[in-house]
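Residue numbers (the numbering used here), protein chains in the order written: chain A, 1 to 341; chain B, 1001 to 1582. For glycine and all other residues, C-beta sits at the position ideal for the given N, C-alpha and C. A quick note: this is a predicted structure, and the numbers were derived from the prediction, not measured.
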């Protein structure tokens, strides 16, 4: 595989990087959607994430990389084997699977193994991309160009954490706990509003406007292209630091306390923005917790809430055709009102 | 040298730089109709590459399986094992992809091209085939679009060079002084070329001053400058190379003219004494000028002359949603419209089976299914999961909302003509099964004469009954058109507002008179219509075009059509052009 640009070397794009780190710390946040200008480094950031993620322990020989420690989330094979003896396991990288455009449904959900069916007349299941992405990330570039029925299917699997395949009398169900990461350019078509709020966090990516930042971006990119290995080595220390940060945040995120005062603030914020349902509050709290964990804090504070509120809420607002300001501005306005009181 | 020969030599330089670093520079977008000039340039391009480099054609309507590859069903059935057919993107590895009629490429095709360009490999996950193959190539996009029609922006953003050959005649074509050996040598030198400390800054600065938002532009300019230095055999990128990159890569992308450099106060007195002094001063300043300014100057000189005009048009018609104005936004549906492929699916709910694709899907599984069948059988075994249903792309219905000024100032002269024009349009709407709504305004308020309908007779009847005279409550009219258009859009139709007025608002929202208040309110209403993103046309019906109506159109970011003494047929053609072309 080609060398990827190091995550830590990405200039700016703080909101996008934070959102990806939050998803890495707590996958329950429920996916990241990044919409933005052309050439602003959305894809680079997602691909770089793969190299940054700490490894995980998985059952050896399992096609779905089941977690040996979590018996309830294992596939049928692992459950059957676990009942007899202790499962062998090994360290594997957290999968970040690319869903290429033009992928067909059979390759996404898995289907019968064509080769064995043709050559031996055997029925055997060949897992698809969802199996490969279990316990990791599934990355969809140009998510707004993906066929609607595939987007529906993916969101469904991401929400249920399980993939069900029925084919030629074969009935397979396997765990598919995935974090969806979608990127796209709004000029090429919008995502259906029903799908928008199925993503936990939504970030707007803008090309940096100030000259020094832009120059730094070009310089680093040029240095990387001339000598990828050297550039990656140069950033190895930073990468290791970020990796340790994610690792320790993961261990502590469940112990982060959320005071009633903070919960009230979150609820007030959502109410003043008129977001539908409770998903906004839930995501807001989870994301704030992950940020607190990343910062090494013990409890969620106001700053954590403020930092994640735009990403957690901006895609859940009802559109007001007569309000010229974008959703980000409205969230900021509500934040200012809420926290001033 | 004339402007034409300059353009030609730049076009040839672009071809050479592209040949030196096809993958790094991404490619060339050539805007030109088919003709001898383009053919000659194409020959020049070909002569820059060794004959072993593959050149492949990309038809604009290429299917996904030809582009990406997939299962070769015939060979698979014959061989009894899966045989993979390579797609165009895998075939073109190490070569050049020629995209003819690039303005017609579908967004899906462009997305595949972009993915391959970004990653240098093509990943296929289709029909039971999972494979990645290297795919490093450059693209030459031949943009044959007319007027506003352009090659997809997402693709052009990744192609370093944008050249326009439209204005050239065969007389401008010069000789091509390029030796392929030089290019091959330059290719080898490419990685050794270094940048001086401030060179990259200079390119970034130039890009920023020209209002180029995308970060790919300066990056591509950096690569172009490197290729230019390699071509000259230099180890370090020189000023001329930066200027060349700025001219070829940055100038065509300019969206703003750089702010004029501040005249330093102490220099102006120097310029007074004598010619010779003056020239010397210029010489010195050319050397002393910071490199950023020189690069910017080079780019500025190459900015196409019609840029200003284009910018003004953009400001006027606005960077609205790219889809705005397209007749009936496309939506995928199961029953009607243009077929756009098949998907696996259940029968029922009106879905239509694609028999051929269903058989294709079932074919590879036949041996397996036969072996599991208890009795010997020769008939095809087709299961539920083989069903492939057709999908269609359907244009949602267009609703045209006519807002007709029936006030005294307008009506007396033009109402009859306007009525005639609407009747002509109606005939066309009837053919396309479009809906029409009619709002008229006069006196105190605007009135919805006819809610959206397809009934021609009803429209005709209410048109005939339309009376004229009274004040011009323009803001009320625009506001009610906005409300109606938003409601229409909510139903899934694509609304277009056609406002026919002379723009002389003189009745405010509360019914009181007063030109100043009425006009301010009308502008406010126009801005609100603009925010909704609903396409609009303003037709100036006054005998002589008036600034008032044009101002309304600007606020609305609508197309403005002035039709002094128009006959109904001309009016109809003007609206037609906007509704169908957008």
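Simplified DSSP state of residue i, which is helix, strand or coil
{"i": "residue 1107(B)", "result": "helix"}
{"i": "residue 58(A)", "result": "strand"}
{"i": "residue 1326(B)", "result": "With a pLDDT of only 37 at residue 1326(B), under the threshold of 50, the placement of this residue in the model should not be trusted, and no figure is reported."}
{"i": "residue 1468(B)", "result": "coil"}
{"i": "residue 264(A)", "result": "helix"}
{"i": "residue 85(A)", "result": "coil"}
{"i": "residue 1442(B)", "result": "strand"}
{"i": "residue 1281(B)", "result": "The predicted position of residue 1281(B) is uncertain, since its pLDDT is 42 and thus under 50; a value taken from the coordinates is nonetheless stated next. Three-state result, residue 1281(B): helix."}
{"i": "residue 1451(B)", "result": "strand"}
{"i": "residue 99(A)", "result": "coil"}
{"i": "residue 1491(B)", "result": "coil"}
{"i": "residue 285(A)", "result": "helix"}
{"i": "residue 1276(B)", "result": "Legend: pLDDT at residue 1276(B) = 41, less than 50; position of this residue unreliable, value from coordinates given subsequently. Of the three classes helix, strand and coil, the one that applies to residue 1276(B) here is helix, per DSSP."}
{"i": "residue 1052(B)", "result": "coil"}
{"i": "residue 1314(B)", "result": "A caution first: residue 1314(B) carries a pLDDT of 48, below 50, which makes its placement in the model unreliable, though a value can still be read off. Helix at residue 1314(B)."}
{"i": "residue 328(A)", "result": "helix"}
{"i": "residue 234(A)", "result": "helix"}
{"i": "residue 1561(B)", "result": "strand"}
{"i": "residue 1196(B)", "result": "coil"}
{"i": "residue 1006(B)", "result": "helix"}
{"i": "residue 8(A)", "result": "helix"}
{"i": "residue 1269(B)", "result": "A caution first: residue 1269(B) carries a pLDDT of 40, below 50, which makes its placement in the model too unreliable to give a value."}
{"i": "residue 1166(B)", "result": "coil"}
Identified DSSP bridge partners for residue i
{"i": "residue 1523(B)", "result": "Per DSSP, none; premise fails for residue 1523(B)."}
{"i": "residue 170(A)", "result": "167(A)"}
{"i": "residue 16(A)", "result": "BP columns for residue 16(A) are empty, so no partner."}
{"i": "residue 1064(B)", "result": "Partner(s): none; residue 1064(B) has no beta bridge."}
{"i": "residue 91(A)", "result": "57(A)"}
{"i": "residue 1057(B)", "result": "1098(B)"}
{"i": "residue 1500(B)", "result": "1404(B), 1539(B)"}
{"i": "residue 1121(B)", "result": "1134(B)"}
Proximity below 9 Å, CB of residue i to CB of residue j
{"i": "residue 155(A)", "j": "residue 96(A)", "result": "no"}
{"i": "residue 1466(B)", "j": "residue 1499(B)", "result": "no"}
{"i": "residue 1153(B)", "j": "residue 1249(B)", "result": "no"}
{"i": "residue 1438(B)", "j": "residue 1463(B)", "result": "yes"}
{"i": "residue 1234(B)", "j": "residue 1193(B)", "result": "yes"}
{"i": "residue 231(A)", "j": "residue 31(A)", "result": "no"}
{"i": "residue 180(A)", "j": "residue 150(A)", "result": "no"}
{"i": "residue 1529(B)", "j": "residue 1485(B)", "result": "yes"}
{"i": "residue 1399(B)", "j": "residue 1495(B)", "result": "yes"}
{"i": "residue 1024(B)", "j": "residue 1158(B)", "result": "no"}
{"i": "residue 176(A)", "j": "residue 131(A)", "result": "yes"}
{"i": "residue 1028(B)", "j": "residue 1241(B)", "result": "no"}
Under 8 Å (Cβ pairs) to chain A, residues found in the stretch 1124 to 1139 of chain B | 1124, 1125, 1126, 1127, 1128, 1129, 1130
Please list the residues of the stretch 215 to 235 of chain A that have a C-beta atom closer than 8 Å to any C-beta atom in chain B, keeping them in chain order.
-> 215, 217, 218, 219, 221, 222, 225, 226
What residues from the stretch 159 to 178 of chain A come within 9 Å of chain B, judged by C-beta to C-beta, listed N to C?
-> 166, 167, 168, 169
Could you name the residues of the stretch 103 to 114 of chain A whose beta carbon sits closer than 9 Å to any beta carbon of chain B, in the order they occur along the chain?
-> 103, 104, 105, 106, 107, 108, 111, 112, 113, 114
What are the residues of the stretch 1101 to 1126 of chain B that lie near chain A, defined by any Cβ-Cβ distance shorter than 9 Å?
-> Within the stretch 1101 to 1126 of chain B, the residues whose Cβ lies closer than 9 Å to some Cβ of chain A are 1107, 1108, 1110, 1111, 1112, 1114, 1115, 1118, 1119, 1120, 1121, 1122, 1123, 1124, 1125, 1126, listed in chain order.
Cβ contact (3+ pairs, closer than 8 Å) linking the stretch 1032 to 1043 of chain B and the stretch 1159 to 1178 of chain B = yes
If you pair each beta-carbon of the stretch 234 to 246 of chain A with each one of the stretch 255 to 272 of chain A, do three or more pairs fall below 8 Å?
-> no
Spell out a yes or no on whether the stretch 1463 to 1475 of chain B and the stretch 1509 to 1523 of chain B are touching, meaning 3 or more CB-CB pairs, one atom from each, closer than 8 Å.
-> A contact between stretches requires three or more CB pairs, one per stretch, nearer than 8 Å, and the stretch 1463 to 1475 of chain B meets this requirement with the stretch 1509 to 1523 of chain B.
Do the stretch 87 to 95 of chain A and the stretch 109 to 127 of chain A meet, that is, are 3 or more Cβ pairs less than 8 Å apart?
-> no
Taking contact to mean at least 3 C-beta pairs separated by less than 8 Å, is the stretch 1134 to 1152 of chain B in contact with the stretch 1183 to 1191 of chain B?
-> no
Any residues in the stretch 1199 to 1231 of chain B with a beta carbon nearer than 7 Å to a beta carbon of chain A? Which ones, in chain order?
-> 1200, 1201, 1204, 1205, 1208, 1213, 1214, 1215, 1216, 1218, 1219, 1222
Determine contact between the stretch 1195 to 1213 of chain B and the stretch 1232 to 1249 of chain B, defined as no fewer than three beta-carbon pairs at a distance below 8 Å.
-> Judged by Cβ distances under 8 Å, the stretch 1195 to 1213 of chain B makes contact with the stretch 1232 to 1249 of chain B, as three or more pairs qualify.
Using a Cβ-Cβ cut-off of less than 9 Å, give me the residues of the stretch 1076 to 1093 of chain B that come near chain A, in sequence order.
-> Listed by position along the chain: 1076, 1077, 1079, 1080, 1081, 1082.
Any chance the stretch 1 to 15 of chain A sits against the stretch 44 to 52 of chain A, with 3 or more Cβ pairs inside 8 Å?
-> yes
When you check each C-beta in the stretch 39 to 68 of chain A against every C-beta of chain B, which residues fall closer than 8 Å?
-> 39, 40, 41, 43
Is the stretch 297 to 305 of chain A touching the stretch 18 to 38 of chain A, taking contact as three or more C-beta pairs under 8 Å?
-> no
Do three or more CB pairs link the stretch 164 to 172 of chain A to the stretch 53 to 64 of chain A at distances below 8 Å?
-> no
Under 9 Å (Cβ pairs) to chain A, residues found in the stretch 1147 to 1175 of chain B | 1152, 1153, 1154, 1157, 1158
Return the residues of the stretch 1046 to 1078 of chain B that lie within a Cβ-Cβ distance of less than 9 Å from chain A, sorted by chain order.
-> 1064, 1065, 1067, 1068, 1070, 1071, 1076, 1077
Which residues, in chain order, does the stretch 249 to 262 of chain A contribute to contact with chain B at a C-beta distance below 9 Å?
-> none
How do the stretch 1546 to 1566 of chain B and the stretch 1519 to 1537 of chain B stand: do at least 3 beta-carbon pairs fall below 8 Å, yes or no?
-> yes
Determine contact between the stretch 1076 to 1085 of chain B and the stretch 1106 to 1115 of chain B, defined as no fewer than three beta-carbon pairs at a distance below 8 Å.
-> no
Using a Cβ-Cβ cut-off of less than 7 Å, list which residues of the stretch 1518 to 1551 of chain B approach chain A; keep chain order.
-> 1528, 1531, 1532
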